[in-house]
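Participant: Following numbering that gives the first Met the number 0, the numbering of the sequence shown begins with 0 at its first residue and continues without gaps.
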Amino acid sequence: MAASQEALYRELGEVDLALSWSEAQLPERERTKHVHRLHPYLGKFVPQLVEALLDRYVTPGGRVLDPFAGSGTTLVQSLESGYDAVGVDIAAFNCLLMRVKTRPYNLDQLRRDLLWAHDQAAEFAPTGRVPCEASPYVREWFAPAAVEELLHFRSLVEQVGAADVLRVVLARAARSARRTTHFDLDFPRSPQVAPYWCYKHKRTCTPVASARRFLLRYTLDTLDRVESFAAARSSGRAAEVVHGDASELDVRGSCDAVITSPPYPGLIDYHGQHRYAYELLSLDERRDRELGSPTRGTGRAAIAAYVDGVADVLRHARAALTPGSPVCIVVNDRRGLYSDVLRRAGLRLEDRLERHVNRRTGRRSGEYFESILIAV
Numbered sequence: 000m001a002a003s004q005e006a007l008y009r010e011l012g013e014v015d016l017a018l019s020w021s022e023a024q025l026p027e028r029e030r031t032k033h034v035h036r037l038h039p040y041l042g043k044f045v046p047q048l049v050e051a052l053l054d055r056y057v058t059p060g061g062r063v064l065d066p067f068a069g070s071g072t073t074l075v076q077s078l079e080s081g082y083d084a085v086g087v088d089i090a091a092f093n094c095l096l097m098r099v100k101t102r103p104y105n106l107d108q109l110r111r112d113l114l115w116a117h118d119q120a121a122e123f124a125p126t127g128r129v130p131c132e133a134s135p136y137v138r139e140w141f142a143p144a145a146v147e148e149l150l151h152f153r154s155l156v157e158q159v160g161a162a163d164v165l166r167v168v169l170a171r172a173a174r175s176a177r178r179t180t181h182f183d184l185d186f187p188r189s190p191q192v193a194p195y196w197c198y199k200h201k202r203t204c205t206p207v208a209s210a211r212r213f214l215l216r217y218t219l220d221t222l223d224r225v226e227s228f229a230a231a232r233s234s235g236r237a238a239e240v241v242h243g244d245a246s247e248l249d250v251r252g253s254c255d256a257v258i259t260s261p262p263y264p265g266l267i268d269y270h271g272q273h274r275y276a277y278e279l280l281s282l283d284e285r286r287d288r289e290l291g292s293p294t295r296g297t298g299r300a301a302i303a304a305y306v307d308g309v310a311d312v313l314r315h316a317r318a319a320l321t322p323g324s325p326v327c328i329v330v331n332d333r334r335g336l337y338s339d340v341l342r343r344a345g346l347r348l349e350d351r352l353e354r355h356v357n358r359r360t361g362r363r364s365g366e367y368f369e370s371i372l373i374a375v
């Protein structure tokens, strides 16, 4: 019989237990509090890890940089913990999501905008005719009624002040409304158009035919999460979101720390996981500049390009730091690449922490370990 998590944690000698949480210690509702679950995103670290690193290594009230900002976990937690933040990412959808999570709102106006959109979506009745502006991807991956409902909701975006918030609601609903099996929402390979045996629900399920219920549910959930974060964030703190290549962009003003988790080579297609959003929102796609993209594989040349790319980004980030500021890098360095990365970036390793990580389910079969590199 496998050991319990509690017994496992007692046996872990080299692991920093203050940075390793069991499912009981850190349940999913805490890992995904307020805007951290505004939209699904693969590969993000838990906000409590950022909180702990801020407390250990960053001057109170300082400014934090994340050059691989992803879904904005570092930015959001910095704002909650009393820091300013800057996030850079090459993916347009990531930057949209970060802006929506971190922007300060007039909550009364936001509530009016979202409740109006909710009412409009509730009253809309599909005609059975797919609009001609629907792209081939949209026609293939969504049922006809869902296409109409999503495109109708998209037409509401520019009619409100909270346009970006509605864009994120639309993307989240589109993810749930795709013609795919319930157990393959992350990277479905082909549309599912017929009933199927569902391994998740242990019964026969049918593909989604309508987006309405997701649009209505996520509009209200988004409002609740944004309002919850508005109450949790520190006053007077701000986040800047920069869309572009972090190895080229200049960050305005100095920073007091870097807290980041670079993409792992060959593991996650960060543009591909949000393909529906790029299609529906006509976002600027820069897939060819994504570091570690699975499309490049994990051969020798791909790994060398990955090391060069991450080192360039960290070297550029280092130039934005005040002298002696820490660079905290969260990474699963199974290939042992980061000694070379740090050397090329001109950084010196000060400490290396190991933490035990639980998957979302908390099952031991999903456990893994990752390193936190502290460099200057």
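A virtual CB, placed ideally from N, CA and C, is assigned to each residue, including glycine.
If we count the other Cβ atoms within 10 Å of its Cβ and call it buried at 16 or more, is Gly345 buried or exposed?
Facilitator: By 1-based counting over the sequence shown, the position of residue 345 is 346. Answer is exposed; the Cβ neighbour count stays below 16.
Participant: Which runs of the alpha helix (DSSP H) spanning at least 4 residues fall entirely within the region 264-349, listed in chain order?
Facilitator: Listed in chain order, the complete alpha helix (DSSP H) runs (minimum 4 residues) inside the region 264-349 are 274-280, 299-318, 337-344.
Participant: If I follow the unbroken beta strand (DSSP E) through Arg62, where does it start and stop?
Facilitator: Here the question's residue 62 lines up with position 63 in the sequence shown. Under the DSSP assignment, Arg62 falls in the beta strand (DSSP E) whose first and last residues are 62-65.
Participant: Counting only the same chain and skipping the five closest in sequence on each side, list residues whose C-beta sits under 6 Å from that of Thr377.
Facilitator: The chain is shown only over 0 to 375; residue 377 falls outside these bounds and no answer can be derived.
Participant: Would you check if the distance between the CB atom of His413 and the CB atom of Ala90 is smaller than 8 Å?
Facilitator: Not covered by the structure: residue 413. The range shown for the chain is 0 to 375.
Participant: Could you give the DSSP three-state label for His35: helix, strand or coil?
Facilitator: In the sequence shown, the residue the question calls residue 35 occupies position 36. Looking at His35 - three-state DSSP - the assignment turns out to be helix.
Participant: Span of the beta strand (DSSP E) holding His242?
Facilitator: The sequence position of residue 242 within the sequence shown is 243, counting from 1. 238-242 is the extent of the beta strand (DSSP E) around His242.
Participant: So, under 8 Å CB-CB, Arg60 and Gly81 are touching, yes? Tell me the CB distance rounded to an integer number of Å.
Facilitator: Taking the first residue of the sequence shown as position 1, residue 60 is located at position 61. Taking the first residue of the sequence shown as position 1, residue 81 is located at position 82. Residue identity differs from the one stated: residue 60 is Gly in this sequence, not Arg. The Cβ separation is near 6 Å, so the contact holds.
Participant: Decide yes or no for the touch test of the region 104-112 against the region 246-262: beta carbon pairs closer than 8 Å, at least 3 of them.
Facilitator: no
Participant: At what residues does the beta strand (DSSP E) containing Ala374 begin and finish?
Facilitator: Here residue 374 refers to the residue found at position 375 when the sequence shown is read from its first residue. Unbroken beta strand (DSSP E) run through Ala374: 367-374.
Participant: Alpha carbon to alpha carbon, how far is Leu348 from Val410? Give it in angstroms, no decimals.
Facilitator: The displayed coordinates of the chain run from 0 to 375. Any statement about residue 410 would go beyond what the structure contains.
Participant: Could you name each continuous alpha helix (DSSP H) segment of 4 residues or more that falls completely within the region 71-103, going from the start of the chain to the end?
Facilitator: 72-80, 91-101
Participant: Would you report the Cα separation of Ser246 and Ile328, rounded to the nearest angstrom?
Facilitator: Within the sequence shown, the letter at position 247 stands for residue 246. Within the sequence shown, the letter at position 329 stands for residue 328. Using only the alpha carbons, I get a separation of about 16 Å.
Participant: Measuring straight from C-alpha to C-alpha, what distance separates Ile267 and His117?
Facilitator: Start at 1 with the first residue of the sequence shown, and residue 267 comes out as number 268. Start at 1 with the first residue of the sequence shown, and residue 117 comes out as number 118. Spanning the two alpha carbons is a distance of roughly 33 Å.
Participant: Taking DSSP as the reference, what is the three-state secondary structure of Thr221?
Facilitator: Along the sequence shown, one-based indexing puts residue 221 at 222. In this structure, Thr221 counts as helix in the three-state DSSP scheme.
Participant: If you drop the 5 nearest sequence neighbours on each side, which residues of the same chain put their C-beta closer than 6 Å to that of Arg177?
Facilitator: On the sequence shown, position 178 is the one that residue 177 refers to. Counting only Cβ-Cβ distances below 6 Å, and skipping sequence neighbours, we find Trp140.
Participant: Does the Cβ-Cβ distance between Ala210 and Ala173 come in under 8 Å?
Facilitator: Counting from 1 along the sequence shown, the entry for residue 210 is found at position 211. Counting from 1 along the sequence shown, the entry for residue 173 is found at position 174. Taking 8 Å as the Cβ cut-off, Ala210 and Ala173 qualify as a contacting pair.
Participant: For a test of the three-state rule: what should DSSP assign to Val257, helix, strand or coil?
Facilitator: Numbered from its first residue, the sequence shown carries residue 257 at position 258. Of the three classes helix, strand and coil, the one that applies to Val257 here is strand, per DSSP.
Participant: Which two residues bound the contiguous beta strand (DSSP E) that contains Tyr195?
Facilitator: In the sequence shown, counting from the first residue as 1, residue 195 sits at position 196. Residues 195-197.
Participant: Looking at Asp255: is its Cβ nearer than 8 Å to the Cβ of Val34?
Facilitator: Start at 1 with the first residue of the sequence shown, and residue 255 comes out as number 256. Start at 1 with the first residue of the sequence shown, and residue 34 comes out as number 35. No.
Participant: As a quick exercise: from Val129, Ala230, Val250, pick the residue whose alpha carbon is nearest that of Val241.
Facilitator: As a first step, residue 241 is located in the sequence shown; it is residue number 242 there, counting from the start. Residue Val250 is the option with its Cα nearest to Val241.
Participant: Answer yes or no: do Arg334 and Ile302 have a C-beta to C-beta separation smaller than 8 Å?
Facilitator: Here residue 334 refers to the residue found at position 335 when the sequence shown is read from its first residue. Here residue 302 refers to the residue found at position 303 when the sequence shown is read from its first residue. Yes, the pair counts as a contact, with Cβ atoms nearer than the cut-off.
Participant: Would you mind listing the alpha helix (DSSP H) stretches within the region 116-190 that are 4+ residues and don't spill past its ends, in chain order?
Facilitator: Those alpha helix (DSSP H) runs which fall completely within the region 116-190 and span 4+ residues are 135-140, 143-155, 162-176.
Participant: From the DSSP output, in three-state form, read off Leu18 for me.
Facilitator: Residue numbering aside, residue 18 sits at position 19 when the sequence shown is read from its first letter. Leu18: helix per DSSP, three-state reduction.
Participant: Let me check understanding here. Comparing Cα to Cα, which of Lys201, Gly71, Asp244 lies closest to Gly42?
Facilitator: Mapped onto the sequence shown, residue 42 falls at position 43. That would be Gly71, whose Cα lies nearest to the Cα of Gly42.
Participant: What residue does the beta strand (DSSP E) around Arg202 start on, and which one ends it?
Facilitator: Indexing the sequence shown from 1 puts residue 202 at position 203. Arg202 -> beta strand (DSSP E) spans 202-204.
Participant: Is the beta carbon of Val167 closer than 8 Å to that of Thr221?
Facilitator: Within the sequence shown, numbered from 1, the residue matching residue 221 stands at position 222. Within the sequence shown, numbered from 1, the residue matching residue 167 stands at position 168. In contact: Thr221 and Val167 (Cβ atoms closer than 8 Å).
Participant: Rounded to a whole number of angstroms, what is the C-alpha to C-alpha distance between Val129 and Tyr136?
Facilitator: Residue mapping note: residue 129 aligns to position 130 of the sequence shown, counting from 1. Residue mapping note: residue 136 aligns to position 137 of the sequence shown, counting from 1. C-alpha separation (whole angstroms): 13 Å.
Participant: Measure the C-alpha to C-alpha separation of Ser227 and Thr218 and round it to an integer number of angstroms.
Facilitator: Translated into the one-based positions of the sequence shown, residue 227 becomes position 228. Translated into the one-based positions of the sequence shown, residue 218 becomes position 219. Cα to Cα, the separation comes out at about 14 Å.
Participant: Determine whether the beta carbon atoms of Gly160 and Asp112 lie at a separation below 8 Å.
Facilitator: Position 161 of the sequence shown, counted from the start, is the residue given in the question as residue 160. Position 113 of the sequence shown, counted from the start, is the residue given in the question as residue 112. Contact: yes.
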